[in-house]
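Below: the structure, in structure tokens.
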Amino acid sequence: MQRLRVIGAALAGIMLLGTAAACGSDEKAGSEEKVVVDITVEDGAITPKGDRVKVSAGQPIDLVVTADTAGSLHVHSDPEQEFPYESGTQTFPITIDRPGVIEVESHDPAQIVVQLEVR
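Taken in order, the sequence shown gives residues -22 to -1, 1 to 97; the numbers are from mature numbering (1 follows the signal peptide of the UniProt record, and there is no 0).
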């Protein structure tokens, strides 16, 4: 019985959130849209090669890595983050809360993959 109450309360909360979002808010429309950064690792090369991507502070970002070999990405955020990946496709969700330029880099090969320009 307790479990049903918790589920019912959770569903009510979700419905309230959906109603509040539909009514509008002071935030810019689309400010919470997810930004997807596609990263390809193939034959020892990584793309993109230092492209700059504009995002808003707190906006969800997906780093989608498609690789033919294992490796890792290093995000120079505060705190710094490291994302090891395997061969195949993996998605790493991140958010950056402070304005500035955040570099996402690889150490093998050593290169800046993308620069996140956080506004």
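C-beta: ideal position from N, C-alpha, C; glycine also.
Values in this document were obtained by computation on a predicted structure and should not be read as measured data.
Check                                                                                                        : Outcome
Measuring CA to CA, which of Val79, Gln93, Pro62 is closest to Phe70?                                        : Pro62
Which whole-angstrom value is the C-beta distance of His54 and Glu81, which I expect to be below 8 Å?        : 5 Å
Shortest alpha-carbon distance to Arg76 belongs to which of Pro57, Gln68, Val91, Glu83?                      : Pro57
Which residue wins for smallest C-alpha separation from Asp86, given the options Thr73, Glu64, Ile74, Leu51? : Leu51
Ala45 bridges to which residues according to DSSP?                                                           : Val19, Gly66
According to the Cβ coordinates, are Ile17 and Thr44 closer than 9 Å?                                        : yes
To the nearest angstrom, report how far apart Val13 and Ile24 are at their CA atoms.                         : 19 Å
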